[in-house]
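Q:
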Amino acid sequence: MRVVLLRHGETDRNAADLFQGQADIPLNDDGVRQAQRAAGSLPAGGWAAVHSSPLARAAQTAAYAAGRLDVPHHRVDGLRERHLGSLDGLQRSEFARSHPATMRRLLDDPGYAPPGGESGHAARARFCAALHDVLTAQRTAERVLVVAHGGVLNLLAAALVAARDDEPRGMVGTCRALCLDAEWTAQGRARIALRRRNADPRECAEAGHPLAPDSFVDLDDLTAKEVTHT
């Protein structure tokens, strides 16, 4: 199964480089155009539904895709963005200049939780539990589209590439995707492997050669602090 984890289109806070967290911010005009282009690029066939975070920017992006693909759109609370607590609404670059050590912890230390917010571990565990439920519900589909947020997608990508030093880093851009493959163990546990990050959604949706078994990580393991590659 191919899994396209699409980040939502641009918002005014994205354009202003502000922390956004779980604030319910809609797409701006550029974000609407990005979402429409992403939806229009997706190949038809093989999709059973579109799943998204309930936050407006993700739900709006998903609605364009669901309309284009003529499939239902389901909002899943566990797919929402990481809660950033007291950082929400602050200017990112100014915060990085004035609090460089804290900014590094926010980006690189999944055990760190900003005041009033979620740790990276907690946000990743919540997101991966929701993703497991989505994949289980869509088990017979050829392709699965999930529309979510940059913070949780980057937390997931960091966990999946933890043992691959050659993997480039960087944020997933607006209306860009994490490209995954999914399979199931004999015990019925979902496993995922990263193909590409910051990918074009159309290219991500296209089939590729099978990945090696040791590329896959159990989703259950991603709810823990350590990732076990099998």
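Here the sequence shown is numbered in the numbering used here, starting from -10 and rising by one per residue. Note that the Cβ used here is the ideal one computed from N, Cα and C, for glycine as well.
#1: Fully enclosed by the region 22 to 108, which alpha helix (DSSP H) runs are 4 residues long or longer?
#2: Of all the alpha helix (DSSP H) runs that stay within the bounds of the region 120 to 207, which reach a length of 4 or more residues?
#3: Report the rounded CA-to-CA distance for A119 versus H88, giving the unit in angstroms.
#4: Since I believe H40 is in contact with L68 (beta carbons under 8 Å), could you give me their beta-carbon distance rounded to a whole number of angstroms?
#5: Report the option in L145, T91, F84, M92 whose CA atom is closest to the CA atom of A114.
#6: Name the two residues that bound the continuous alpha helix (DSSP H) containing A4.
#7: Quick check on DSSP: helix, strand or coil for V(-7)?
#8: Please report the Cβ distance between A47 and A137, rounded to the nearest whole angstrom; I am assuming they are in contact, meaning their Cβ atoms lie under 8 Å.
#9: How should W173 be labelled, buried or exposed, when 16 other C-beta atoms within 10 angstroms of its C-beta is the threshold for buried?
#10: When the Cα atoms are used, what is the spatial distance from L208 to A85?
#11: Could you tell me whether the region 23 to 42 touches the region 183 to 201, using the rule of 3 or more Cβ pairs below 8 Å?
#12: Alpha carbon to alpha carbon, how far is A175 from D6? Give it in angstroms, no decimals.
#13: If we count the other Cβ atoms within 10 Å of its Cβ and call it buried at 16 or more, is G140 buried or exposed?
#14: In whole angstroms, what separates the C-alpha of E195 from that of M160?
#15: For C164 versus R185, is the C-beta spacing smaller than 7 Å?
A: Taking the coordinates as given:
#1: Runs of the alpha helix (DSSP H) inside the region 22 to 108: 45 to 58, 81 to 87, 89 to 97.
#2: Note on the region 120 to 207: whole alpha helix (DSSP H) runs with a minimum of 4 residues are 139 to 149, 190 to 194, in chain order.
#3: Here residue 119 is taken as the residue at index 130 of the sequence shown, counted from 1. Here residue 88 is taken as the residue at index 99 of the sequence shown, counted from 1. C-alpha of A119 to C-alpha of H88: approximately 32 Å in a straight line.
#4: Position 79 of the sequence shown holds residue 68. Position 51 of the sequence shown holds residue 40. Sure, about 7 Å apart at Cβ, within 8 Å.
#5: Translated into positions along the sequence shown, residue 114 becomes position 125. For the options L145, T91, F84, M92, the alpha carbon positioned closest to that of A114 is the one of L145.
#6: For the purposes of this step, residue 4 is taken as residue 15 along the sequence shown, with counting starting at 1. Start and end: 1 to 4.
#7: Against the sequence shown, residue -7 aligns to sequence position 4. V(-7): strand per DSSP, three-state reduction.
#8: Mapped onto the sequence shown, residue 47 falls at position 58. Mapped onto the sequence shown, residue 137 falls at position 148. By a beta-carbon distance limit of 8 Å, A47 contacts A137. Their separation comes to about 6 Å.
#9: For the purposes of this step, residue 173 is taken as residue 184 along the sequence shown, with counting starting at 1. W173 is exposed by the Cβ-count criterion.
#10: Mapped onto the sequence shown, residue 208 falls at position 219. Mapped onto the sequence shown, residue 85 falls at position 96. Their Cα atoms are separated by approximately 32 Å.
#11: For the pair of segments examined, the region 23 to 42 was found to touch the region 183 to 201: the number of CB pairs separated by less than 8 Å reaches three.
#12: Position 17 of the sequence shown, counting from 1, holds the residue named residue 6. Position 186 of the sequence shown, counting from 1, holds the residue named residue 175. Computed Cα separation, rounded: 45 Å.
#13: Here residue 140 is taken as the residue at index 151 of the sequence shown, counted from 1. With 16 or more other Cβ atoms within 10 Å, it is buried.
#14: Taking the sequence shown and counting its residues from 1, one reaches residue 195 at position 206. Taking the sequence shown and counting its residues from 1, one reaches residue 160 at position 171. Approximately 22 Å between the Cα atoms of the pair.
#15: On the sequence shown, residue 164 is found 175 positions in, with the first residue counted as 1. On the sequence shown, residue 185 is found 196 positions in, with the first residue counted as 1. In this structure, R185 does not lie closer than 7 Å to C164 by Cβ.
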